[in-house]
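Residue numbers (the working numbering), protein chains in the order written: chain P, 1 to 107; chain X, 108 to 502; chain A, 503 to 813; chain Z, 814 to 1004. All C-beta atoms, glycine included, are put in the ideal place defined by N, C-alpha and C. Note sheet for the following structure.
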Amino acid sequence: MSKWDVSDINQWKSDQFPRGAVIPTGGNSDEYVTGGWRSERPYRDDDKCTQCLLCWVFCPDTSAMVKDQKVYDFDLEHCKGCGICAHECPADAIEMVPEGCELPGVK
Amino acid sequence: MPTQKVVATTGNTMVAEAMRQCAPDVVPAYPITPQTTIVEEFAKFVAQGRVHTEYVTVESEHSAMSACVGASAAGARVMTATSSQGLALMWEELHIAAGLRLPIVMANANRALAAPINIHCDHSDIMGARDTGWIIYFAETAQEAYDNTIMALRVAEHPEVMLPAMSTLDGFITTHSIDRAELMDDESVKAFVGDYKPENALLDVENPTTHGSFSGLGGPYFEFKKSQRNAIDRSMAVIKDVGAEWTKLSGRPFDVIEGWGMEDAEYIIVAIGSTAGNARHVAREMRAEGVKAGVLKVRVFRPFPFAEIADAIKDAKAVAVLDRSESFGAEGGPLFLEVRSALYDHDKRPALVNYIYGLGGADVKLELMRRVFSDLVDIADGVIEPGRLVYLGAR
Amino acid sequence: MANIRELSDRADRLAGGHRLCAGCGASIAVRQVLLGAGETPVVAGCATGCLEVSTTIYPYTSWRTPFIHNAFENSAATISGVEAAFKGLKAAGKIPADKRVKFVAFGGDGGTYDIGLQSLSGAMERGHDMVYVCYDNGAYMNTGIQRSSATPFGAWATTSEVGAAHQGKEQRRKDLTSIIAAHNVPYAAQASVSHWKDLTDKAEKAFAVEGPAFINVLAPCPRGWRSKPESTIEIAKAAVQTGFWPLFEVVDGDWKQTVKVMNRKPIEEFLKSQGRFAHLFKPGNEGLLVEVQAEVDRYWEYVQNRCNCGQ
Amino acid sequence: MQQLTEIRWHARAGQGAVTAAKVVAETALSADQYMQAMPEYGPERMGAPIKAFTRISNEPIEIHNNIEFPDVVIVLDESLLDVIDVTEGLKPNGTLIINTCSPAADVKKALGLPDTARCACVDASGIALDTIKRDIPNTPIVGALMGVTGVIDVEVFKELLGKNLGKKFGQEMIDANFAAVDRAYKEVTVA
């Protein structure tokens, strides 16, 4: 699916918008950063992790990143820091740590 | 070459035939008097296999229009029909269909609104929907109901328009009366309406789109409404073009306003729907008596033909605007308000009087039409003051 | 039925970047349900509510699948229209006859138990090939936690307040899953976001069925339940373990409990971590707590009887 | 010049007046005339008195209201005479056609019709029972209408009637109906 460029949407005239308020693409909210909502971030200890994938299946923000059936990272642009992953981790491999550093794209 | 068959038929049958010939992919519908025979006859066409339509027998009018919205957004050609309380129940969905720019075509059997409950003709239902963003046609006869329905589909689906449209006909008077009408052959109608080519269809699953998004404070809601306004403004030219094309094919004239005796008319009745015929019948008699009577029928109410109407009546001595619905607390009925507003920019304006008539199917007797013309003559002669709003024939 | 590793190979059809609360149960429910569809294309719809608003704030959408929101009370009717379009366009030869697409309508409990019940009932009775998923968080959360007919007996809400004269909601919950099962649909089930395997299996069955299917998913709302965001799954689990939310399915009229609960925990286990039930633990409300337990017991017995009567 | 004939039908719901009004209109159309036919719809159910209307003209008909001043009034049920004023609005030179065994002159007098008006009587129910074997007076009464007014052509009517009946019934039924039409056409008496 081709990217729908909305970078200058605030300059668009009424007839430039897609008809009927349709969003002519899918899943472009991943361009919208909700990581700034977070006060704590999940930290996963790879040594403790058993790759049970519960953090992935329970994440409300689709932010546990999985490849080849393994969690490898968290999507910190979208993770809101709810802490479900840490709370549900049966191996205690995830810890919520206070937010300190700056995030790319978050002001 | 088109071939046309002369038939003895009702307005509802003609609408059902028009729907069949337009070959909608989906018809979600709910029965209500006096629309019922439209959906019954269409169901028969489906049962006979004469149309491929997926006919959805919904459990309410609200769901009828909701399913229309879903089906149209999915990329289907969609038609339905309703009336009165049913149209009122759809109210929320009418706005959504227009806001999502879905070219749904719906017939409405114009009927009074409760309370008290009444199944007969007036325009309370449809006039309540006049600001929902739909294009609105009015038919005087079964023939016009048929022609309007076919034209409405072409206009609605036109890329410059993409708005829902209503083809309305007077409950019982036009829906159920048997009248002489001409039915175009299927192939000619099929060619006339063409294929619908949807954009951003939900069923284009390889290219997902989101319909009905949230556009709150600071979002472009305001801009969406402006583009909707631009679209209905643009529709006027499309309505006329499509009408001219249909006239060429059918031999039947069409315009957004249709006049009789307007060239030199001094006393004019402006009316909508079946009543225009009664007014014309009486105008002919008045002419025979030497009164320069004229009748202006408004065939398209949305978009409203402001310039055309003002131009047609501005030189008259006195004009009566006939409203078959109320706008309680306003200066007059909906048609009157529009006509009066249309004249505002003209230096020369005729005396204008508003008659509310025929509510709940009260019979539009010819004597009442005569009374209106005679009032107009008296008003022009200064014998009586133009009353602002007259309940014509009410006790 | 897929295990968690196989599920993780499937495309996630709900993108991040939506504006739902941290710890929201609704988006977990959507993700798990859509995972159950496998690779089949799905068109989704949603009733007005938190889920719809937060996932489609223009110009952003979190839906990687075709999506439509129409209004509050008509998610089922809207998706039934989309499904009818699919059939109509197939009949017209405009969509290949062998094309497979599935349809799902989401709605919160307000949009499903209350204002959308007629539309849902109609769609289920008409037999559309669609799945309806209610994400039940037991109140009108989008407008600020007003009580619905899904709000549990005794719960606080902003329209079933707690004060000297009244102690929260005084009516029982409506048993929507039974109501839909009574439509004689081929598949109806009750599920919870905490039991991901049970839920994704049920979604898979619901999508596989030809005809209407219904899943009622318990989806905790940290904001409305006055609970901690990280406790969402834990509380949903407690709902199952206390018998407040039995997990069962009704396949062609055949009731079956899908997750057995051997030693049902007292209802306090479900109530205690939710602020909306805090008043039940205050002195003087001991009797109310007994009533809450009795109501849970009554429903639990009812479901047990339905599930056992065929055996 | 428009030659407009307006017919008002009185009957009880279920007696076939609406169908008759329609078939008469269709017959006019077959003769390339303009026509209208409409029932007056009310909330009443089977058995209640109803009205229906037919207009026939050589030119397009523009009026869309109920008929106030009919040229012809047809009464399918004699018992209605006690209930409603069937002569209301009848033009001074109009025609009243009634399904009755009574002599036309008596009925005319009883109803107080002016001398300029015509009163036509026919035992439509009796004829229907004889021919069609059921009390369906609408077909014979149309025969009487044609016999008295000539507003539509009997051969055109029979052709249409045969075609309509042929969709559901055999030749025997069609012939019985034709016989009903012919008998009423001849037996109707006018005062």
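A Cβ-Cβ separation of about 5 Å places residue 886(Z) in contact with residue 821(Z) under the 8 Å criterion.
With contacts defined as CB atoms closer than 8 Å, residue 568(A) and residue 545(A) qualify as a contacting pair. Its Cα nearest to that of residue 434(X), the residue 234(X) stands out among 169(X), 387(X), 249(X) and 234(X). Taking 8 Å as the CB threshold, residue 22(P) lines the interface with chain X. The distance from the Cβ of residue 190(X) to that of residue 141(X) is about 6 Å, consistent with a contact at the 8 Å cut-off.
Boundaries of the alpha helix (DSSP H) around residue 481(X): 473-487. With fewer than 16 other Cβ atoms from the protein chains shown falling within 10 Å of its own Cβ, residue 916(Z) counts as exposed. Counting along the chain, residue 42(P) sits inside the beta strand (DSSP E) bounded by residues 40-44. Within the same chain, 463 come within 7 Å of residue 498(X) by CB-CB distance, once the 5 residues on both sides are set aside. Taken atom to atom, the span from the alpha-carbon of residue 412(X) to that of residue 270(X) is near 17 Å.
Within the region 292-311 of chain X, those residues whose Cβ lies closer than 8 Å to any Cβ of chain P are, in chain order, 306 and 307. In this structure residue 611(A) is buried. Its beta-carbon is surrounded by 16 or more other beta-carbon atoms within 10 angstroms. Interface criterion not met: the Cβ of residue 758(A) is under 8 Å from no Cβ in chain X. Residue 176(X) is a Cβ neighbour of residue 583(A), given a cutoff of 8 Å. Where residue 339(X) is concerned, the enclosing alpha helix (DSSP H) starts and stops at 328-357. In this model, residue 448(X) and residue 658(A) are separated by some 54 Å (Cα to Cα).
At a cut-off of 8 Å between C-beta atoms, residue 208(X) counts as an interface residue with respect to chain P. Of 174(X), 206(X) and 429(X), the smallest CA-CA separation from residue 478(X) is found for 429(X).
Here residue 989(Z) is not near residue 937(Z), since their CB atoms are 8 Å or more apart. When the alpha-carbon of residue 848(Z) is set against those of 986(Z), 906(Z) and 873(Z), the nearest one is in 873(Z). Non-local C-beta neighbours of residue 245(X) in its own chain, meaning closer than 7 Å and more than five positions away in sequence, comprise 275, 379, 380, 405, 406 and 408, ordered along the chain. Contact between residue 908(Z) and residue 962(Z) is confirmed by a C-beta separation of about 6 Å, below the 8 Å threshold. Residue 386(X) holds the alpha-carbon nearest to the alpha-carbon of residue 476(X) among 386(X), 440(X), 439(X) and 468(X). In the structure shown, residue 690(A) falls within a strand segment according to DSSP collapsed to helix, strand and coil. Between residue 262(X) and residue 586(A), the C-beta spacing is not below 8 Å. Excluding sequence positions up to five before and after residue 179(X), its CB lies within less than 6 Å of the CB of 185, 209 and 211, all in the same chain and listed in chain order. In terms of beta-carbon proximity, residue 849(Z) lines the interface with chain X, with at least one pair separated by less than 8 Å. Rounded to the nearest angstrom, the gap between the Cα atoms of residue 488(X) and residue 865(Z) is 41 Å. For residue 826(Z), no Cβ of chain X is located within less than 8 Å of the residue's own Cβ. Here residue 824(Z) really is in contact with residue 890(Z); their C-beta atoms are around 6 Å apart, less than 8 Å.
Within chain Z, the residues 875 have their CB atoms less than 7 Å from the CB of residue 387(X), given in chain order. Within the same chain, Cβ atoms closer than 7 Å to the Cβ of residue 146(X) are found at 136, 138 and 188, the five residues on either side in sequence being excluded. Per the DSSP secondary-structure output, residue 403(X) pairs in a beta bridge with 366(X) and 377(X). Bounds of the alpha helix (DSSP H) holding residue 88(P) are 84-88. Any Cβ of chain X closer than 8 Å to the Cβ of residue 953(Z) would place that residue at the interface, and such an atom is absent. At a cut-off of 8 Å, the C-beta of residue 132(X) has a neighbouring C-beta in chain A.
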